[in-house]
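To start, the structure under review is shown below, and the notes come after it.
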Ligand SMILES: [Zn+2]
């Protein structure tokens, strides 16, 4: 892979701490530990696994929605599948501290979190952000340096910042007790030690989140893409969704959420499942995955990691 999509590795003034993980330092998934975490987050498990598979959940959800459209009867099952993927695909997969500690304990010193996520289980991409002390409990900050000719236009940068502010509000609003405050900053220089560099471009095509951003993207889509910068995976089935786009099925998705479930294979109420549906939002387990890394040993970005 080229280095262009890699996050910036600058440390700035922040401490990159290397505290020991409560569970394990090995970047390997421990199914029992993940199931314990999932269960403590309210997800539905059975032994060391999720109670239901993704394929089962598609069928069950579609059947449920014929009687009760939009019902969240299987949300706890969908959450389990998403948590298992998010943690198992993380270079910090071996780190599974108890949710009660992760979600309620304030951050006492700033640290930069960096690692890799095996995006859709295959493609390692870097995540990077800061966890910082905040009067309300925990602050999360992502600084994105916008580059290219469009980024020289202050009005365009201000428009992106306004959308990033709304995206941050969404992340803050759904955090446990609203006690996690998100700040997403559009930068135009590297003086603020940005976590990512992305090229700003015209048009509304979808490009990898860490390569370029379209100025036409909605604030809600930015909230999803920044979710990747926070080290969260897409929850939909990549190949089937891509195939659906190729044959024009996406025109149906926009007006029929049932069809979306059939093709995406994930819970459309989650921001990391459905980036276009305005009703989708961050879920409790997203905050766990992001915030828990303060208790994890730092994994160097270029370390050779065995995919789980
Ligand atoms: Zn995505």
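Residue numbers (my numbering): 984 to 1291. For every residue, glycine included, the Cβ atom is placed at its ideal position computed from N, Cα and C. The model shown is predicted, which means the values in this text are computed figures rather than measured ones.
- Rounded to the nearest angstrom, the gap between the Cα atoms of residue 1128 and residue 1023 is 37 Å.
- For residue 1121, the uninterrupted beta strand (DSSP E) run begins and ends at 1120-1130, by DSSP.
- For residue 1187, the three-state secondary structure derived from DSSP is coil.
- When distances are taken from the beta-carbon of residue 1252 to the heavy atoms of ligand 1, even the shortest one reaches 7 Å or more.
- Every residue whose Cβ sits closer than 6 Å to any heavy atom of ligand 1 is listed here in chain order: 1207, 1211, 1217, 1258.
- DSSP places residue 1115 in the strand class (E or B) of the three-state scheme.
- Restricting attention to beta strand (DSSP E) runs no shorter than 3 residues, the region 1147-1228 encloses them at 1163-1170, 1179-1184, 1195-1197, ordered along the chain.
- Contact between the region 1113-1120 and the region 1221-1236 is absent, with fewer than three C-beta pairs closer than 8 Å.
- Counting only residues of its own chain and dropping the five nearest sequence neighbours on each side, residue 1086 has a CB closer than 6 Å to the CB of 1159.
- Around residue 1045, the same chain offers 1241, 1244, 1245 as residues with beta carbons nearer than 7 Å, after the five sequence neighbours per side are excluded.
- Taking residue 1202 as the centre and dropping the five residues before and after it, the same chain places the C-beta of 1146, 1149, 1150 closer than 6 Å to its C-beta, in chain order.
- In the DSSP assignment, residue 1019 falls outside any beta strand (DSSP E) and lies within the alpha helix (DSSP H) extending over 1014-1023.
- Residue 1230 has its alpha-carbon roughly 35 Å from the corresponding atom of residue 1167.
- By the criterion of a C-beta distance shorter than 7 Å, residue 1048 is surrounded in its chain by 1054, 1241, once the five residues flanking it on both sides are discounted.
- Short of 7 Å from the beta carbon of residue 1261, and not among the five residues preceding or following it, lie these beta carbons of its own chain, in chain order: 1203.
- DSSP places residue 1086 in the uninterrupted alpha helix (DSSP H) bounded by 1082-1087.
- Of the other Cβ atoms in all chains shown, fewer than 16 fall within 10 Å of the Cβ of residue 1174; this residue is therefore exposed.
- With a cut-off of 8 Å on Cβ pairs, the region 1064-1072 is in contact with the region 1101-1109, counting three or more such pairs.
- The beta carbon of residue 1256 sits closer than 7 Å to those of 1218, 1219, 1247, 1249, 1250, 1263, all from its chain and outside the five residues before and after it, given in chain order.
- Under DSSP, the beta-bridge partners assigned to residue 1264 are 1253.
- As the crow flies, the alpha-carbon of residue 1161 is around 11 Å from that of residue 1267.
- For the options 1018, 1156, 1280, the alpha carbon positioned closest to that of residue 1082 is the one of 1018.
- Going by DSSP, residue 1247 is part of the alpha helix (DSSP H) stretching over 1240-1247.
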